[in-house]
Amino acid sequence: MTIAPLTFPKTFYGDDPPASAGSPLSAAHFSEIEIANKRAKKIRRATRIAQTDAWICAIFAGLTLLSGLFSLSALLLGLGMAFCAFNAFRGAKRLQLFDSSAPRLLALNQLLLAAALILYAIYSLWAASHGKSAFAAAIAAEPGIASGLGNLEQLEWLIYVAIFGGLIIGTTIAQGLAAIYYIPRRKHLAAYVAQTPAWILAMQKA
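Residues -14 to 191 in our numbering are what the sequence shown spells out, letter by letter.
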């Protein structure tokens, strides 16, 4: 009895792997794709950062909207943050599609978010300085305890200043740096689109 030798289908390790597998792409095409993917790293990183920003903003917007049930200023801030989260998702999607308008949208969105948070902090400080605190109400009801609560009222104001002053400073730094980060992405994006073959761009968009 004669035993036929076992045969195996060709793999992708030959001299011309795409042709042996019936692929329309040659080795040169795959080399171009690899080079393009390496050059697109900055764009992919910016996309991931934008998506992360969007989710963080969306989560805080939801929490702020819940607290807005008891505060009109918090409700307005929550709506503003929700709008910024929506814009961040839009910007991330545009980056994935190599839209040159995406970096500008994301940078302006960071400035809009900063403006909303800073205005909220300023209003909160103004309201704290012009409103009647719990300690002031207690002093008005019981004048005899004024000496004991006077320092606590001042401490309460200092806590407000620390919280909302820190929010203003932190927001200015964080959102300012984020806007500065996104602006140069437009140059990288334009260079990538100009130097990448149209068929690769179409494949990556798909």
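Here a beta-carbon is modelled for each residue, glycine too, at the ideal position from N, C-alpha and C.
Every value quoted in this text rests on a predicted model; they were computed, and no experiment measured them.
Below 8 angstroms on the Cβ atoms is my contact criterion, and I expect residue 153 with residue 106 to pass it. Report the Cβ-Cβ distance as a whole number of Å. Walking along the sequence shown from the start, residue 153 turns up at place 168. Walking along the sequence shown from the start, residue 106 turns up at place 121. Yes, residue 153 and residue 106 are in contact; Cβ-Cβ is about 5 angstroms, under 8 angstroms.
Within 10 angstroms of its Cβ, does residue 66 collect 16 or more other Cβ (buried), or is it exposed? Counting from one through the sequence shown, the residue named residue 66 turns up at place 81. Classification of residue 66: buried, given that the 10 Å Cβ count is 16 or more.
Using C-beta distances below 7 angstroms, list every residue in its chain close to residue 80, excluding the 5 sequence neighbours before and after it, in chain order. As a working note, residue 80 is residue 95 in the sequence shown. So the list reads 28, 31, 32, 35, 87, once near-sequence residues are dropped.
Residue closest to residue 149, alpha-carbon to alpha-carbon, out of 172, 23, 167, 103: On the sequence shown, position 164 is the one that residue 149 refers to. Taking residue 149 as reference, the option from 172, 23, 167, 103 with the minimal CA-CA separation is 103.
C-beta contact flag for residue 90 and residue 76 at 8 angstroms: What you label residue 90 is simply residue 105 of the sequence shown in a count that begins at 1. What you label residue 76 is simply residue 91 of the sequence shown in a count that begins at 1. Yes, the pair counts as a contact, with Cβ atoms nearer than the cut-off.
Can the beta-carbon of residue 50 be found less than 8 angstroms from the beta-carbon of residue 57? The sequence position of residue 50 within the sequence shown is 65, counting from 1. The sequence position of residue 57 within the sequence shown is 72, counting from 1. The answer is no: Cβ separation not under 8 angstroms.
Taking the alpha carbon of residue 188 as the reference point, which residue from 82, 166, 78, 110 has its own alpha carbon closest? As a position in the sequence shown, residue 188 is number 203, starting the count at 1. That would be 82, whose Cα lies nearest to the Cα of residue 188.
Does residue 89 come out as helix, strand or coil in the three-state DSSP assignment? Along the sequence shown, one-based indexing puts residue 89 at 104. In the structure shown, residue 89 sits in a helix (DSSP, three-state: H, G or I).
Using the beta-carbon count (16 or more within 10 Å), is residue 174 buried or exposed? For the purposes of this step, residue 174 is identified with residue 189 of the sequence shown, where counting begins at 1. With 16 or more Cβ atoms within 10 Å of its Cβ, residue 174 is classed as buried.
Out of 176, 151, 78, 37, which has the shortest C-alpha to C-alpha gap to residue 163? Reading the sequence shown from its first residue, position 178 is the one you call residue 163. The residue with the shortest Cα to Cα distance from residue 163 is 37.
Coil, strand or helix - residue 193 by DSSP: No statement about residue 193 is possible, as the shown extent of the chain runs from -14 to 191 and does not include it.
What does the alpha-carbon distance come out to for the pair residue 145 and residue 110? Mapped onto the sequence shown, residue 145 falls at position 160. Mapped onto the sequence shown, residue 110 falls at position 125. Taking the straight line joining both Cα atoms gives about 7 angstroms.
Sort 113, 156, 177, 54 by Cα distance to residue 142 and report the nearest one. Working through the sequence shown from its first residue, we reach residue 142 at position 157. Nearest of 113, 156, 177, 54 to residue 142, Cα basis: 113.
Return the chain-ordered list of same chain residues with a C-beta closer than 6 angstroms to the C-beta of residue 172, the five sequence neighbours on each side being excluded. Reading the sequence shown from its first residue, position 187 is the one you call residue 172. The beta carbon of residue 172 sits closer than 6 angstroms to none of the beta carbons in its chain outside the five residues before and after it.
Beta-carbon contacts of residue 78 that lie in its chain and below 7 angstroms, excluding the five residues immediately before and after: Position 93 of the sequence shown, counted from the first residue, corresponds to residue 78. Answer for residue 78: no residue qualifies.
Nearest CA to the CA of residue 158: which residue from 16, 100, 46, 190? Along the sequence shown, one-based indexing puts residue 158 at 173. Measuring from the Cα of residue 158, the nearest candidate turns out to be 100.
What does the Cβ neighbour count give for residue 147, buried or exposed, with the cut at 16 atoms within 10 Å? In the sequence shown, counting from the first residue as 1, residue 147 sits at position 162. The residue in question, residue 147, is exposed, as its Cβ has fewer than 16 Cβ neighbours within 10 Å.
Where residue 181 falls: helix, strand or coil (DSSP): The residue given as residue 181 occupies position 196 in the sequence shown. Reduced to three states, the DSSP call for residue 181 is coil.
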